[in-house]
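Student: Protein chains in written order, with the working numbering: chain R, -8 to 271; chain F, 17 to 680; chain U, 3 to 362; chain D, 559 to 889; chain C, 11 to 157.
Using N, Cα and C, we set each Cβ at its ideal position, and we do this for glycine too.
What you are looking at is a predicted structure, and each value in this text was computed from that prediction instead of being measured.
Here it is: the structure, laid out below.
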Amino acid sequence: MAANNRPETLIPKLGVVTDIRIDTPDVKTFRVVTPDGKKAFDHKPGQCAMLSIPGVGEAMFSITSSPTNEEYMEFSIKKCGCLTDWLHAMEVGQQITIRGPYGNAFPVDTAFVGQNLLFIAGGIGLAPLRSVINYVRHYRDRYGRVDIVYGSRSMHDLVDYEEIIHEWCAEEGIQVHLTIDRAQDGWDGHVGFVPNYVTELDFHPDCIGVICGPPIMIKFTLSALEKMGFSKDQVYTTMEMRMKCGIGKCGRCNIGNKYVCKDGPVFRFDQLDELPEEYD
Amino acid sequence: MQRIGVFVCWCGSNIAATVDVHAVAEAARHEPGVVFSTDYQYMCSQAGQNMIIEAVKEHHLTGLVICSCSPRMHEATFRKTAANAGINPYMVEIANIREQCSWVHKDMAAGTEKAIILAKAAIAKVHLNTALTPGESKVTKRALVIGGGIAGIQTALDIAEAGFPVDIVEKEPTIGGKMAQLDKTFPTLDCAACILTPKMVDAAQNENIRIISYAQVEEVGGFVGNFHVKIRKKARFVNEDVCTGCGLCTEKCPQKKVPNAFNLNMDNHRAIYIPFAQAVPKVAVIDPNYCTMLKTGKCGVCAKVCTAGAIDYKQQDQIIEEEYGAIVAATGYNPISVEKFDEFAYSQSKDVITSLEFERLTNAAGPTAGKLLRPSDGEHPHTIVFVQCVGSRCAANAAKGKEYCSKICCMYTAKHAMLVRDKYPDTDVYVFYIDVRTPGKNFDEFYRRAVEEYGVHYIKGMVGKITPENGKLKVQGSDLIADKQLHIDADLVVLAAAIEPDKSARPLATMLTASMDTNDFFTEAHPKLRPVESPTAGIFLSGTCQGPKDIPETVSQASAAAAKVIGLLSKNTLKGNPCVAQSDEWMCNGCSSCANVCPYGAITYENKEFRMPDRSTKVRRIAKVNPAVCQGCGACTVACPSGAMDLNGFKNNQIMAEVDAICK
Amino acid sequence: MREVMVISMMKKCAKSNLTALLHALSVYAPLYLPVNGNGKDTRAKYTRYEDGMVYSTDLNTVRSAKDFFFPQTENLVNFKVEGKNIEIIDPRTEEEDFILFGVRACDFKSFDVLDRVFLSEPVDSYYASRRAHGIIFTMACTRPAETCFCTTFGINPAEPAGDVSCYMTEADLYLDAKTERGEAILAKLEDLLTDTDSTDIKTVEDQKTCIASRMEKLPLAALSTEKFGGDKLDTLFDDPRWESLSEACLACGTCTYVCPTCQCYDIKDFNTGHGVCRFRYWDSCMYSEFTKMSAGQPRLTQMQRFRQRFMHKLVYYPANNDGLFSCVGCGRCLASCPISMNIVKVMKTFSEEVSDNGSK
Amino acid sequence: MQTITRDILLEKAASLLASGTVNRVLGWKKGEFIYDVTPAVFTNAEDMYRHFTFDCFCGANFSKYLIKETQKEGKVLVFLKPCDSYSFNQLLTEHRFDREKVYAVGIPCDGMMDASTVKALAPEGLTGAERNGDALILHTLYDGDVTVSYADHLPDRCKHCKSKKVVAYDEMLGENGEVTDAGRFDEVAALEAMTEDERFAFWQNELSRCIRCNACRDVCPACTCEKCVFDNPGSGVENKAISDRFEEKLFHVIRAFHVAGRCTDCGECSRVCPQNIPLHLLNRKFIYDIDRNYGDYMAGAEEGSRAPLVNYQIADPEAGEVVSGAGGDKV
Amino acid sequence: MQVNENNEFRPKIVAFCCNWCSYAGADLAGNNRLAYPADIKIIRVPCSCRVNPMFILRAFQRGADGVILCGCHPGDCHYTSGNYYTRRRMAMLFSMLNYLGIEKERTRVEWVSAAEGAKFAATMQDFAEKVKALGPNKRLEDLRCKQ
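Structure representation (structure tokens):
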């Protein structure tokens, strides 16, 4: 019973897991559709959804598939707690619940249009960016040059490796720069931490930066970009917080007066500067 | 999320007759996490076990539920099966649908319903099972025996005979203990020294035995198989390796007024002395409280007369640190102090003596060279009254005395009475008793001889008062059988004082984390089934430190303890039970509740530095469970309010999952 | 919630008829009103009216009236799980009208504060539905207590609004319908009500004047919001005085639970053995677990959590809601805090120019 | 008996601060009204002269704050009333803080007023109060000054005080009192004398008011777990709010059980309960049962004593034989 | 709450049994085919002292009508002292539950040795009857867990 025929926000929809891809030892990507085989809802790049297993818990995850994919949604999820353990143990055909989309999105149709784009991700931080990158690839002619810097602990911890190698790298106008933290057999690419690699690559500040990864990586990458002449109002990031409702009401994900689930998760660094330094 | 296989056993018709096994298997199949469910005639048979192994492989099972007979029956079997199938043996849970279901419920519907619930409970539990691996620890192949009385000597000898090195720590300058002070032993009346001293010599000569005399345990750390012990060897001011035990110094020492503890202070020895002729080690020792040289720096006679040059006035206490695999407590007993029993006038008259003093008075090596003479005037006593149960079998709330029976007094009093009558037939001997207890081989015969052949007057009753008067001791007592008051003018009164554990036992127990009862006797791990072990693993009990005993009993227990020690030391490593308690160090607040209830002393505390979420560091007191010592009872888990303490195999959430499944 | 404002004639009910009035209201719809407790705690609490109950004249209830729209626990949705399949069940039944009687001006204002959270997009339908069905009779505060400071937030206890504003005098109860809904319900009570004349209006006006003068004399009357508001983040957030203010805080949730405007909640699944109930519970920003997640904890110290609560009420909320503070000055936290730390002490501390430490 | 006044405590604190014995003082800070004093840490005498207060509303038990305070540098001065000193000892027994970092000054006490009790006497506005011997003069907004008997309106914990003896201190101000037992089990016994149905109705009514604010737990000096089972999602009983009336019973029974034998009967739980639930009657029930069945035991009376529920006697009564009802009824 | 075809109330009873004595006693009852009501479901614990009061309340919450705890006789505990702690803990807990008005017949501690199969069966029979006579547990129920 939804009052005034408004969409019911706290009652989820049913989802079915139709495919599970093992990305890394602790990351799996789940494909989710409704029981009648449709996409659960439309979203914009950078938005999130609440996934849940009844009795186990509910949590917010970035939607990693591009909105341009009209068949299904994908979620790349790292195993790091009770719910994600459960999700990782699922088999194809398992039903879950899903509600969303939540939060703002990257300004792909406004600020990004016509710009060169630089995506920088570390580890599972690629998940929220993948949606944007694929969106940009889909509407390739709307944007300028695209650079992607992606690093992880080891080559086995690179999420979406197949897609990166076979699709992104192969696409003209996209430069992919991969790196891993420590040298290992079978890897002939770059070795080193993402912020250092970004410094080495020495990007020209004629583009918009998007950073996502562990807090420490974000911090150092931002300062690396600033040294290259980037200003904070041209760099974006996406945040993570404990969220329960996803609709800016439960009261826990705020930084100052901004609610990460509703006003975020995408923030420009100059916007973050206006907020109290509570979350570092 | 587990992948669970459920296997329902028919046990022939034992289960299948009252439980619909197919229905159980079918119901289990619908439980979350169950990916395979089946039933079979005999799950424990080779074929049944193979079926399990196959299913594990085919369905990649991670947890097994066997609905069968009692886990007490076949849990071990199915754990092995699991191991053979390549999964951890502790990923198995048994639903007992035979003893606790099919055999006790006649109604098929009720039995089936219950079996399904029991299966669901086991499934709920196995969901939360985790792989457990028994911990292993090495065993130091050396034993420590604390106490060098007959108990300690016997234990040490047996262990040494089995080929393991063993140290005896004795607080006196010589081993031998109480038995060395005794004259004759009941019921055979052979001389104590004659049977003890050869054993003392054996101990001294056994190359596997090291005697650390005049020494005390100061610190015990570690756990079963790996004890680390600090022993303080007191300075004797005589070089043990050099002294030949010739005894010249003990004759030349000018300080003659040192009470002779071995003779219960009934005579004196010199400031340098050898406790008794057959002492082991036979090495002199200087009593620093009396030695003029040590007190004033003037004298040095002993050093002058010692041709071996063994005297060393500068000798210091020595600390010996050693690793042991097992520790045996053999700290023995002492008679209680009878001074507080005013009615017996022990403090008022020298002629009221204890039984142990009586032993010394009749011993050929004693202060009277074996002649029975009154301590007050050296006269031969003509009337002797023995009083039994002095301080034994007292009311629980009595201000003095012990609640328990000291066990040995009846027999040694009979022995004393008999010996007196035998040597001095002119002596009248009276024994006041509450009951005469003679449950031992040849004990009752012995006692009856005392009464029948030797004419000892046994009087059932207690002595009310003893009054020294004109060189006599007026003994007032009651004869309960004749129902009259008795007055006996005695020359000598011998009190059969209760025995109590040696005072050194309590601090030792604390160091060993071995439990004691309210009387300070060591508690055994199980009063019937594990009588020579302390609940603390690796600690064994020998002799009267565990409870009153006579010599034969002491020796048998000493050998039993030795057998247990040998069993332990013959292992290279100890494999623990993995179902032990575990403390979550982030949740523990170090309150000590768990350690208070642990019967095994398995819990210790440490101050550990933690890196807090705000990146500061904090030192927190936290509990640590030693898995080698913990036996897995779980008492600590309930004592812990925060739930920081949990028990592997029976975790809080596992039991609650069972509860939930059952009450659903 | 937007209401249609009406101007109609005030009605009057003799106090001797109050019982009959309450009975009539309870027949119309379930009626909740403050009633004194009968156990160890005799203070007023909102109770479903049954005949024989007596309306409490206590200034206010221990718990606020927010429970009626945002209950402490609420079953959001149920699930049945079998194998890989999930069934989603909405447990709600059709909401019925209910009457809240005796709501004070501060509590009534708190509904506005809550509305701006729960009724902003996306709307919380659970809240919205109850809000739509709640008919509110407010009551003017004739004897405000020393802990009252509603006027600080611009609330007038003499004009409590609601569907019907009530004024209690020695002899009568005056009922002033403020909405169509209020009017409609008063129409149904016709038998028990009489019209008012100019004397009555004067009586009520006198009472209002009296209330105003009493409010002015209250110890907290001078409390000012001058130092607070949506634009005061920079001056307040890093103030060292948060440290000493929060020092004694026990980290219990009393203030947040008695507060009429606190609206933080948590959602949790409860496995009943037969299915899963998804519950919403009041949560408290004072609890250390509140923001804890597997990846870290943004508010690690009690100081940070304490600061969050007051910054939210005095800075963040006004920043997002046109300067409206998320405090209505009801004084419940003043009465309930185990260590007597409260928003008044916080506001007064920051109103002092120089802190104890000599720093700003 | 010397009356302890604000001035005496101030002087003591100032001299200990001046001598460097302590570098801060745990004391009471005056509030807006008379009854709303807040525990505070003072680092200098000047602050104390301005804000420190001591009167009959200074009932808060400071001992639990010592866990946090002793983590800091230097020694802290704490004033211990008799009942606080029991909690102090109990916390020491459980190794919850370092004794060396505390300078404890014992102060006698003849009962502390409780804000909610006093407010109940003048529910419509209490602007101030003062004590004059047994007279408590309340200044009210609408009824002028009202004088009541001090002793008669003490909270239950003080009316039925367990002890007026400070059992732990470095220094005692004034004269130490004696252990008392002012009928503190009377109310428990009265409940025991009821029928099961009556008791159920009583507790149902009382506990149903619980809002699970956790104030009772958070103030309790025996509740010092690093993480309470009710906050720990892994414990299986975690809960934040009462969603079923079972849970209020679960919470309060388990909490009382966890502190059984460790509770020093300081009564803070009942004092802080915003819903006036007589929580101390649960704790006193355990204390009463323990005393009757296992011998008198007062947690905190002696540092290092072993709590009765982590102890046993072979001769303990059987579970079905314990005396736990009125007139020696067995339950 | 369960009812059978005759609409007769069938209590749910949880019995916690220590592994060494009472669980073995229950097995012995089985060996000797000594019947007792199927309403009793046994949970095996290493020692009665493993039983946390939370388990007992949990059982009532989830729908149990009675909870019985069985352990070794005092003095016979496999772990020497576990049941002594149990005795105190449960005496105190049950007294408290009764203080809250919970019927005292719903909780019980009984010592059953491994040799007392007959005592086990008789105890269970008796306990089940007493609980049945009380009817469903209303005072410690959790309404959410009712079907």
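1. How close, in whole Å, do the beta carbons of F758 of chain D and R149 of chain C come, if the pair is a contact with beta carbons under 8 Å?
2. Should Q332 of chain F be labelled buried (16 or more other beta-carbon atoms within 10 Å of its own) or exposed?
3. Just mark V228 of chain U as buried or exposed, buried being the case when its beta carbon has 16 or more other beta carbons within 10 Å.
4. So, at 7 Å on beta carbons, what are the nonlocal neighbours of V47 of chain R in its own chain, with the 5 sequence-adjacent residues on each side left out?
5. Name, please, each residue of chain C whose Cβ falls closer than 7 Å to the Cβ of F788 of chain D.
6. Could you tell me whether the region 240 to 259 of chain F touches the region 326 to 343 of chain F, using the rule of 3 or more Cβ pairs below 8 Å?
7. Alpha carbon to alpha carbon, how far is C155 of chain C from M11 of chain C? Give it in angstroms, no decimals.
8. What residues in its chain sit with their C-beta under 7 Å from that of K272 of chain F, if we drop five residues either side in the sequence?
9. Nearest-angstrom Cα distance between L148 of chain F and A644 of chain F?
10. Roughly how many angstroms lie between the CA atoms of N93 of chain C and I52 of chain C, to the nearest whole one?
11. If the cut is a Cβ gap below 7 Å, which residues of chain F does G794 of chain D touch?
12. Hey, is the region 412 to 425 of chain F in contact with the region 498 to 506 of chain F, meaning 3+ C-beta pairs nearer than 8 Å?
13. Would you say I80 of chain R reaches chain F, if we count a Cβ-Cβ gap shorter than 7 Å as a contact?
14. Using a Cβ-Cβ cut-off of less than 7 Å, give me the residues of the region 772 to 785 of chain D that come near chain U, in sequence order.
15. Counting only beta-carbon atoms, is S345 of chain U nearer than 7 Å to chain R?
16. Hey, could you find the ends of the beta strand (DSSP E) C39 of chain R is sitting in?
17. Please name the residues in the region 267 to 299 of chain U whose beta-carbon is closer than 8 Å to at least one beta-carbon of chain C, in chain order.
18. Starting from K111 of chain U and walking both ways along the alpha helix (DSSP H), at which residues does that stretch end?
19. Along the chain, where does the alpha helix (DSSP H) that runs through V406 of chain F open and close?
20. Using 7 Å as the limit for Cβ to Cβ distance, is P48 of chain F near chain C?
21. Determine the closest residue to D53 of chain U out of U:V119, U:L23, U:T44, with distance taken between C-alpha atoms.
22. Would you give the residue range spanned by the beta strand (DSSP E) that D183 of chain F belongs to?
23. Rounded to whole angstroms, how far is the Cβ of G113 of chain R from the Cβ of H34 of chain R, which I believe are closer than 8 Å?
24. Could you spell out the range, first to last residue, of the alpha helix (DSSP H) harbouring G241 of chain F?
25. Would L78 of chain U be called buried (16 or more neighbouring beta carbons within 10 Å of its own) or exposed?
26. Determine whether the beta carbon atoms of V182 of chain F and A176 of chain F lie at a separation below 7 Å.
27. Determine whether the Cβ of V330 of chain U lies closer than 7 Å to any Cβ atom of chain D.
28. Under 7 Å between C-beta atoms, does K722 of chain D make it to chain C?
29. Please tell me whether M64 of chain R and V127 of chain R are closer than 7 Å, where the distance is taken between their beta carbons.
30. How many angstroms separate the CA atom of Y623 of chain D from the CA atom of E234 of chain F?
31. Between I132 of chain F and the rest of its own chain, which residues show a CB-CB distance below 6 Å, the 5 nearest in sequence each way excluded?
32. Assess, as a yes-or-no matter, whether the region 127 to 146 of chain R is touched by the region 157 to 171 of chain R under the definition of 3 or more beta carbon pairs within less than 8 Å.
33. Kindly list the residues whose CB is nearer than 8 Å to the CB of G111 of chain C, restricted to its own chain and excluding five residues on each side of it in sequence; keep chain order.
34. For R757 of chain D, decide whether its Cβ has a neighbour in chain C, counting only Cβ atoms nearer than 7 Å.
35. Determine the burial state of I335 of chain F: buried for a count of at least 16 other Cβ atoms within 10 Å of its Cβ, exposed for fewer.
Tutor: Reading from the atomic positions:
1. As a working mapping, residue 758 of chain D is identified with position 200 in the fourth sequence. As a working mapping, residue 149 of chain C is identified with position 139 in the fifth sequence. Going by Cβ atoms, the distance from F758 of chain D to R149 of chain C rounds to 6 Å, so yes, they are a contact pair.
2. In the second sequence, the residue the question calls residue 332 of chain F occupies position 316. Counting Cβ neighbours within 10 Å, Q332 of chain F comes out exposed, since fewer than 16 surround it.
3. Residue 228 of chain U sits at position 226 when you count from the first residue of the third sequence. Inspection of the sequence shows that residue 228 of chain U is occupied by Glu rather than by Val. E228 of chain U is exposed by the Cβ-count criterion.
4. Your numbering for residue 47 of chain R matches position 56 in the first sequence. Same-chain partners within the cutoff: C73, L74, W77.
5. In the fourth sequence, the residue the question calls residue 788 of chain D occupies position 230. What F788 of chain D touches in chain C: nothing, since even the nearest Cβ is about 10 Å away.
6. yes
7. For the purposes of this step, residue 11 of chain C is taken as the residue at position 1 of the fifth sequence. For the purposes of this step, residue 155 of chain C is taken as the residue at position 145 of the fifth sequence. Because the pLDDT of M11 of chain C is 47, which lies under 50, any placement of that residue in the model is unreliable, and the question is left without a value.
8. In the second sequence, residue 272 of chain F corresponds to position 256, counting from 1. Here the set comprises N284, R286.
9. Position 132 of the second sequence holds residue 148 of chain F. Position 628 of the second sequence holds residue 644 of chain F. Taking the straight line from one Cα to the other gives about 14 Å.
10. By 1-based counting over the fifth sequence, the position of residue 93 of chain C is 83. By 1-based counting over the fifth sequence, the position of residue 52 of chain C is 42. Each residue's Cα considered, the two are about 18 Å apart.
11. Numbered from its first residue, the fourth sequence carries residue 794 of chain D at position 236. Result: N668, N669, M672.
12. no
13. The count along the first sequence starts at 1 and reaches residue 80 of chain R at position 89. It should be pointed out that residue 80 of chain R corresponds to Ala in this sequence rather than to Ile. Judged by the 7 Å Cβ criterion, A80 of chain R is in contact with chain F.
14. N772, A773, D776, V777
15. To locate residue 345 of chain U, count along the third sequence from 1; it is residue 343. Checking the displayed sequence, the identity of residue 345 of chain U turns out to be Ile instead of Ser. No, because no Cβ of chain R sits closer than 7 Å to the Cβ of I345 of chain U.
16. Stepping through the first sequence from its first residue, residue 39 of chain R is reached at position 48. Residues 39 to 44.
17. F272, T274, G275, H276, C279
18. Position 109 of the third sequence, counted from the start, is the residue given in the question as residue 111 of chain U. Unbroken alpha helix (DSSP H) run through K111 of chain U: 107 to 120.
19. Position 390 of the second sequence, counting from 1, holds the residue named residue 406 of chain F. From DSSP, V406 of chain F is part of no alpha helix (DSSP H) but of the beta strand (DSSP E) over 399 to 406.
20. Taking the first residue of the second sequence as position 1, residue 48 of chain F is located at position 32. With 7 Å as the cut-off, P48 of chain F does not count as an interface residue toward chain C.
21. The count along the third sequence starts at 1 and reaches residue 53 of chain U at position 51. With distances taken between Cα atoms, D53 of chain U lies closest to U:L23.
22. Here residue 183 of chain F refers to the residue found at position 167 of the second sequence. Its beta strand (DSSP E) spans residues 182 to 185.
23. Your numbering for residue 113 of chain R matches position 122 in the first sequence. Your numbering for residue 34 of chain R matches position 43 in the first sequence. Contact doesn't hold; Cβ gap of about 23 Å is too wide.
24. Residue numbering aside, residue 241 of chain F sits at position 225 when the second sequence is read from its first letter. Per DSSP, G241 of chain F belongs to no alpha helix (DSSP H) and is neither H nor E.
25. As a working mapping, residue 78 of chain U is identified with position 76 in the third sequence. By the neighbour-count rule (16 or more Cβ atoms within 10 Å), L78 of chain U is buried.
26. Sequence index remark: in the second sequence, residue 182 of chain F carries index 166 (1-based). Sequence index remark: in the second sequence, residue 176 of chain F carries index 160 (1-based). Yes, the pair counts as a contact, with Cβ atoms nearer than the cut-off.
27. Locating residue 330 of chain U in the third sequence gives position 328, counting from the first residue. So, not an interface residue.
28. Residue 722 of chain D sits at position 164 when you count from the first residue of the fourth sequence. Judged by the 7 Å Cβ criterion, K722 of chain D is not in contact with chain C.
29. By one-based count along the first sequence, residue 64 of chain R stands at place 73. By one-based count along the first sequence, residue 127 of chain R stands at place 136. Cβ atoms of M64 of chain R and V127 of chain R: not closer than 7 Å.
30. Indexing the fourth sequence from 1 puts residue 623 of chain D at position 65. Indexing the second sequence from 1 puts residue 234 of chain F at position 218. Cα to Cα, the separation comes out at about 38 Å.
31. Counted from its first residue, the second sequence places residue 132 of chain F at position 116. Here the set comprises V40, A43.
32. yes
33. Residue mapping note: residue 111 of chain C aligns to position 101 of the fifth sequence, counting from 1. So the qualifying residues of the chain are R149.
34. The residue labelled residue 757 of chain D in the question sits at position 199 within the fourth sequence. Yes, R757 of chain D lies at the interface with chain C (some Cβ there is under 7 Å from its Cβ).
35. Residue numbering aside, residue 335 of chain F sits at position 319 when the second sequence is read from its first letter. It counts as exposed.
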